[in-house]
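S.K.:
In our numbering, the protein residues as written are 3 to 190.
(1) Out of 78, 54, 57, point me to the one whose CA is closest to residue 65's CA.
(2) Quick check: what's the CA-CA separation for residue 30 versus residue 47?
(3) Specify the secondary structure class of residue 72 as computed by DSSP and reduced to three states.
(4) Counting Cβ pairs, one atom from each stretch, are 3 or more of them under 8 Å apart for the segment 154–164 and the segment 102–117?
(5) Rounded to a whole number of angstroms, what is the C-alpha to C-alpha distance between residue 40 and residue 189?
(6) Of the residues 124, 144, 125, which one's Cα is nearest the Cα of residue 131?
(7) Since residue 44 is in the beta strand (DSSP E), which residue starts that stretch and which ends it?
(8) For residue 174 and residue 164, what's the separation of their Cα atoms in angstroms?
(9) Return the CA-CA distance between residue 180 and residue 62, expressed in angstroms with no decimal places.
(10) So the alpha helix (DSSP H) residue 89 belongs to, where does it begin and stop?
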């Protein structure tokens, strides 16, 4: 019996290393590492870390973190992918209908020795439910949505994609935090 108890203790300590059960301080930003830790971003404290819905997503958050059960939230995803910068931006634009062209913004800036391409678009979002990038699943139209998407273009570390998508009124107060996170990108 003692041997079985000892083995169970050893196995559980290996399966759940120290701190695995620790709750992060929700009043502080969450550190997000990309490219094997060579790129570091600090996700705003208003974002709540979630379990990724897809194996293609490296990190996933919802916001605002203090949203009540059933309240509208935004989804923030971090992933890598191929294709040219312009093809990916065009694909993002193609996910929206009834876009106010005067409010559509595409910009480029340097942060952490990397090039960041930023897209801010609003309209009716055609959300793919399931499937993948080349064979999307069922499409659900989401009226009055906004996406702030970023592509971090690196030298030798791949392209990293961050998308903040949700109802316009939910995304609006989150926009500055997203942009600050990108501007504060650290390269190691």
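No residue lacks a Cβ here, since even glycine has one placed at the ideal position from N, Cα and C.
M.R.: Straight from the coordinates:
(1) The residue given as residue 65 occupies position 63 in the chain shown. Out of 78, 54, 57, 78 has the C-alpha closest to the C-alpha of residue 65.
(2) As a first step, residue 30 must be located in the chain shown, where it is residue number 28. As a first step, residue 47 must be located in the chain shown, where it is residue number 45. Their Cα atoms are separated by approximately 5 Å.
(3) Stepping through the chain shown from its first residue, residue 72 is reached at position 70. The answer is coil: DSSP assigns residue 72 none of H, G, I, E or B.
(4) yes
(5) As a working mapping, residue 40 is identified with position 38 in the chain shown. As a working mapping, residue 189 is identified with position 187 in the chain shown. So the two alpha carbons sit approximately 6 Å from each other.
(6) Counting from one through the chain shown, the residue named residue 131 turns up at place 129. Among 124, 144, 125, the Cα nearest to that of residue 131 belongs to 144.
(7) Against the chain shown, residue 44 aligns to sequence position 42. Start and end: 41–45.
(8) For this step, residue 174 is matched to residue 172 along the chain shown. For this step, residue 164 is matched to residue 162 along the chain shown. If I take the Cα positions, the gap works out to 16 Å.
(9) For the purposes of this step, residue 180 is identified with residue 178 of the chain shown, where counting begins at 1. For the purposes of this step, residue 62 is identified with residue 60 of the chain shown, where counting begins at 1. Cα to Cα, residue 180 sits roughly 14 Å from residue 62.
(10) As a first step, residue 89 must be located in the chain shown, where it is residue number 87. That run of the alpha helix (DSSP H) goes 87–96.
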